[in-house]
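Student: Heads up, the sequence shown stops at 139 in the working numbering, and the numbers go up one at a time, no gaps. We treat Cβ as the ideally placed atom computed from N, Cα and C, and that holds for glycine.
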Amino acid sequence: MKVVILAALLVLAYSFGFAQETMLGFSYDDDLSTAEEILLGKGYERGKSTDSVVEFNLAGDPGFAIELILVPETQKLTGLYYYIPYKDELEVLNYAMMMNEKHGEYTEVDEERGIMYWVFDTNRSALTLFNQDTRYLVVLYYDKRYEELFEF
-12 MKVVILAALL VLAYSFGFAQ ETMLGFSYDD DLSTAEEILL GKGYERGKST DSVVEFNLAG
48 DPGFAIELIL VPETQKLTGL YYYIPYKDEL EVLNYAMMMN EKHGEYTEVD EERGIMYWVF
108 DTNRSALTLF NQDTRYLVVL YYDKRYEELF EF
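(1) How would you label Gln119, buried or exposed, when you count the other beta carbons within 10 angstroms and need 16 or more for buried?
(2) Where does Ala0 land, buried or exposed, given buried means 16+ other C-beta within 10 angstroms?
(3) Just checking my contact of Lys89 with Asp16 at CB under 8 Å: how many whole Å lie between their CB atoms?
(4) Would you call the segment 93 to 111 and the segment 26 to 35 in contact, with 3 or more CB pairs under 8 Å?
(5) Taking buried to mean at least 16 other C-beta atoms within 10 Å of its own C-beta, is Asp38 buried or exposed?
(6) Please state the DSSP three-state secondary structure of Gly66.
In structure tokens form, the structure reads like this:
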């Protein structure tokens, strides 16, 4: 019985902490080349870059933008911003449902600010924020160990 419980806890820990995959198909700690290959395959084009941020825009629709956040020393993915233009609240709801399907039920909601949170472990989380003024939904995957790399 203890072996079954331990095995279940290990599976749970793995699924929530070690290889948390983003909506886009790559994971925390992936190399830049892995994420870039996936994005190029989805029709994104590489844009400007620094040692810690690499931008991608969807070919033919530059409104869709992604900023990969990298640990400068290793070039490993530690988070990302995904900017998604939306037409109506139904689209926002669809993205929230996709996040729930990918990561399980959201952990917290701040209805006043329009933010939904998914907490993966003590350091890593994701959130969605929709701004009615700009008509953009922002999906942020975040690792607080590298908070200096993220702009808020």
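Tutor: The structure says:
(1) exposed
(2) For Ala0, the pLDDT reaches just 35, beneath the cut-off of 50, and the residue's location in the model is therefore unreliable, leaving the point undetermined.
(3) About 17 Å separates the two Cβ atoms, so there is no contact after all.
(4) By the Cβ criterion, the segment 93 to 111 is not in contact with the segment 26 to 35, since fewer than three pairs of Cβ atoms, one from each stretch, lie closer than 8 Å.
(5) exposed
(6) strand
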